[in-house]
Amino acid sequence: MAEPVNGEEAVTGGSGSRALPIALMQLSSSPSLDALEAEVSRVLASYPATELIVFPELHLTNPSEGFTGSDALADNAEPIDGPRSARLAEIARTHGVWLIPGSVVEADGDARFNTMPVYSPAGELVASYRKIFPWRPYETCTPGNQIVSFDIPGRGRIGLTICYDAWFPEIHRQLAWDGCEAIINVVLTPTIDREQELVLARANAIVNQVFIASVNAATPAGVGQSLIVDPEGRVRSRAVGAEPCVMTDVLRLGTACEVRTSGTAGLNRVWQQFDGIEDGAAIDLPIYGGRITPATWRPASH
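With the working numbering as the guide, the letters of the sequence shown map in order to residues 209 to 510.
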């Protein structure tokens with residue numbers, strides 16, 4: 209997990225393009241690691257500049273006919289450093305890409321987590337995020353309790369969320385404050401509320417001035433409609449249906465810093481709201497047992 213930094217210490221400080229070519233794999237679920245590697249090879253053959261490849265939630269552990277609850281996935285649970293992880297690390301290293309294979313069912317003692325691992329082009333497990341908000345009561349896995357991000361050298365800091373996390377703005381605010389300029393949301397939504405999730409992706413992008421990349425499973429497991437939103441809330445690209453497809457884009461992460469400096473539409477500079485009143489009174493937030501303190505409001509990347 210990337211540690212929060214502030215001011216001039218930010219790894220993502222400054223503007224510049226910092227282009228990150230990305231591929232979102234809106235595909236049907238498949239437990240086959242060979243099939244996943246074949247998809248990685250196929251994408252890189254067609255889009256060789258791709259640096260980050262992302263699969264949907266539970267892509268490797270979800271039954272092909274659709275999500276049937278956490279209990280049905282128990283047989284696929286492994287420790288985060290188990291054989292499955294070793295193979296995924298090998299795939300990332302062999303193809304020289306950053307790889308997010310969706311999320312997997314992680315076994316940790318008697319607990320089962322819905323966990324999103326990240327592998328570097330060197331084949332290292334650089335981050336793993338346990339879903340904080342499983343969709344209750346249907347999803348019975350143990351909730352995580354840490355907000356997680358990771359750094360891509362020369363590019364920037366990337367935040368991680370899984371599906372229903374998108375409905376909780378606190379996670380996105382913290383990730384943005386930690387210096388993230390893009391947030392990856394892996395999804396397995398087979399229900400009609402995908403329409404609301406599309407609105408939330410734009411809202412979370414707008415209020416935090418970050419890129420949001422949300423990749424859902426294709427039919428029959430999910431209803432697709434993956435999308436990428438820029439830091440001003442504009443939809444850069446969207447899959448209009450549920451069919452399998454690959455969405456490619458180039459996230460110029462420096463755009464987030466530019467929008468935070470100049471304002472959304474040249475107007476709204478939400479991270480500078482407390483400029484000039486650093487000694488102002490704190491705003492208590494009883495729901496969190498915490499507060500907004502003007503002197504510490506600014507994000508790490510600004």
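From the three backbone atoms N, C-alpha and C, an ideal C-beta is built for every residue, glycine too.
Residue i versus the options, residue with shortest Cα-Cα distance
i	options	result
Asp401	Gly304, Leu493, Gly498, Trp375	Trp375
Asn322	Ala300, Ser293, Gly352	Gly352
Glu332	Thr350, Gly317, Ile299	Ile299
Pro361	Glu378, Pro329, Thr397	Pro329
Gly432	Phe419, Met455, Val312	Met455
Ile370	Gly364, Asp359, Ile355	Ile355
Asp318	Leu244, Ala297, Thr350, Val326	Thr350
Ala335	Phe341, Ala253, Ala490, Ile308	Ile308
Arg320	Leu228, Asp283, Gln481, Gly449	Asp283
Asp289	Thr269, Thr258, Pro325	Pro325
Ala285	Arg301, Leu268, Leu296, Ala297	Leu268
Own chain, CB closer than 7 Å to residue i, minus 5 neighbours either side, in chain order
i	result
Arg381	Asn416
Gly274	Caution applies to Gly274, whose pLDDT of 48 falls short of 50 and renders its modelled position unreliable; the model cannot decide the point.
Ile463	Per the sequence shown, the amino acid found at residue 463 is Thr instead of Ile. Within the same chain, Thr463 has close Cβ partners Asp438, Pro439.
Asp492	Arg499
Leu406	Gln433, Leu435
DSSP beta-bridge partners of residue i
i	result
Pro325	Ser336
Arg295	Answer by DSSP bridge pairing: none, since Arg295 is not bridged.
Pro229	Val458
Glu378	In DSSP, Glu378 forms no bridge with anything.
Leu435	Ser422, Arg446
Trp343	None, per the DSSP bridge assignment.
Trp306	Leu260
Thr369	Asn393
Arg506	Bridge partners of Arg506: none, in fact.
Close Cβ partners of residue i (< 6 Å) along its chain, the five nearest in sequence each way excluded
i	result
Gly367	Ser357, Leu383, Cys388, Ile391
Pro287	Ala315
Pro150	Not covered by the structure: residue 150. The range shown for the chain is 209 to 510.
Cβ distance (whole Å) where residue i is taken to contact residue j below 8 Å
i	j	result
Val262	Leu232	5 Å
Lys339	Ser293	Their Cβ separation, rounded to whole angstroms, is 17 Å, which puts Lys339 and Ser293 out of contact at 8 Å.
Glu247	Leu235	7 Å
Leu228	Val395	20 Å between Cβ atoms; not a contact.
Proximal residues to residue i (C-beta, below 8 Å), its chain only, five neighbours per side dropped
i	result
Gly449	Gly432, Gln433
(request) Would you be able to state if there are at least three C-beta pairs under 8 Å between the segment 401-413 and the segment 331-345? (result) For the pair of segments examined, the segment 331-345 was found not to touch the segment 401-413: the number of CB pairs separated by less than 8 Å stays below three.
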